[in-house]
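Novice: One structure, pasted below without further comment.
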Amino acid sequence: MSKKDVSVGLVAGLVIGVFLIPTAKNIGLFAKIPSPYLMLLVVLPILACLGVAVVGFIGRWMPIFWQVAKFGLVGVMNTAVNLGIYNTLIAATGYNKGTPLMIIFLIAFVFAVINSYFWNKHWVFGGIQSKNREETLQFFAVTIVTAIVSSLIIKAVTEYIAPIGGLNAAQWANVANGFAIITSFIMNFFGYKLIVFRPRA
Numbered sequence: 001m002s003k004k005d006v007s008v009g010l011v012a013g014l015v016i017g018v019f020l021i022p023t024a025k026n027i028g029l030f031a032k033i034p035s036p037y038l039m040l041l042v043v044l045p046i047l048a049c050l051g052v053a054v055v056g057f058i059g060r061w062m063p064i065f066w067q068v069a070k071f072g073l074v075g076v077m078n079t080a081v082n083l084g085i086y087n088t089l090i091a092a093t094g095y096n097k098g099t100p101l102m103i104i105f106l107i108a109f110v111f112a113v114i115n116s117y118f119w120n121k122h123w124v125f126g127g128i129q130s131k132n133r134e135e136t137l138q139f140f141a142v143t144i145v146t147a148i149v150s151s152l153i154i155k156a157v158t159e160y161i162a163p164i165g166g167l168n169a170a171q172w173a174n175v176a177n178g179f180a181i182i183t184s185f186i187m188n189f190f191g192y193k194l195i196v197f198r199p200r201a
């Protein structure tokens, strides 16, 4: 762990906080958070920074734990970016199910992917350098497969399963995104680690 890692934790926490604001507003949670701007834009980045420091210390003895934790933090940041754009577009368009929502998800996914590529390449997987297009093509191949699977989950959950627990359409759309996020986290971690950012000979 280095000072760079701690700084990344702070930046990641801030990005997460910024993009959680439209999500919390759209699903009706923003007003329930005490001092929401303070919590999301100040407290959350500090907690993320402290979390990175603690996990980095433990990771001295468990390197794979450190790598998974970094991937997890980037995953949370990607999720926040995805959800923030996703909920902003839901609120702006009024679409909250089926194919239109799948398209909204894919738009949000593109922005999350750009964020994901940068942080996974330069932080999570050690800044491994590539002198050809193979790495980039592999990254987008893995990501496209994940995007297709995730968007189909969004469509299926919102179009064929009725909201449960008294959730409204916007909240149910976020539940669907939650299922998609879990799926993409698993697929991306193993795809990036075993295919894209594997050590090069």
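For the sequence shown, UniProt numbering assigns the number 1 to the initial residue and increments by one for each residue that follows. We treat Cβ as the ideally placed atom computed from N, Cα and C, and that holds for glycine.
1) Residue 48 and residue 6 - do their beta-carbons sit closer together than 7 Å?
2) Let me know the secondary structure DSSP gives residue 27 once reduced to three states.
3) At the level of alpha carbons, what is the spacing between residue 111 and residue 78?
4) Can you tell me which of 121, 87 and 11 puts its alpha carbon nearest to the alpha carbon of residue 25?
5) Would DSSP call residue 59 helix, strand or coil?
6) Tell me which residue opens and which closes the alpha helix (DSSP H) that residue 139 is part of.
7) Quick check: the Cα distance between residue 15 and residue 108, rounded to an integer number of angstroms?
8) Within the continuous alpha helix (DSSP H) that includes residue 105, where are the two ends?
9) Please look up how many angstroms separate the CB atoms of residue 167 and residue 157, rounded, as I've assumed it's under 8 Å.
10) Applying the 10 Å Cβ sphere with the 16-neighbour rule, what's the burial state of residue 101?
11) Does the count of Cβ pairs from the segment 32 to 39 and the segment 51 to 68 closer than 8 Å reach three?
12) By a C-beta neighbour count over all protein chains shown, 10 Å radius and 16 as the cutoff for buried, is residue 45 buried or exposed?
Specialist: A quick look at the data gives this:
1) Their beta carbons are not under 7 Å apart, which means residue 6 does not touch residue 48 by this criterion.
2) Three-state result, residue 27: coil.
3) Residue 111 and residue 78 have their C-alpha atoms spaced approximately 8 Å apart.
4) 87 is the residue among 121, 87 and 11 whose C-alpha sits nearest the C-alpha of residue 25.
5) Correct three-state label for residue 59: coil.
6) Note, residue 139: alpha helix (DSSP H), 134 to 160.
7) Straight-line Cα distance between these residues: approximately 15 Å.
8) 98 to 119 is the span of the alpha helix (DSSP H), which, as asked, contains residue 105.
9) Actually they do not touch by this definition, with Cβ atoms about 12 Å apart.
10) Result: buried.
11) Result no; under three Cβ-Cβ pairs closer than 8 Å.
12) In this structure residue 45 is buried. Its beta-carbon is surrounded by 16 or more other beta-carbon atoms within 10 angstroms.
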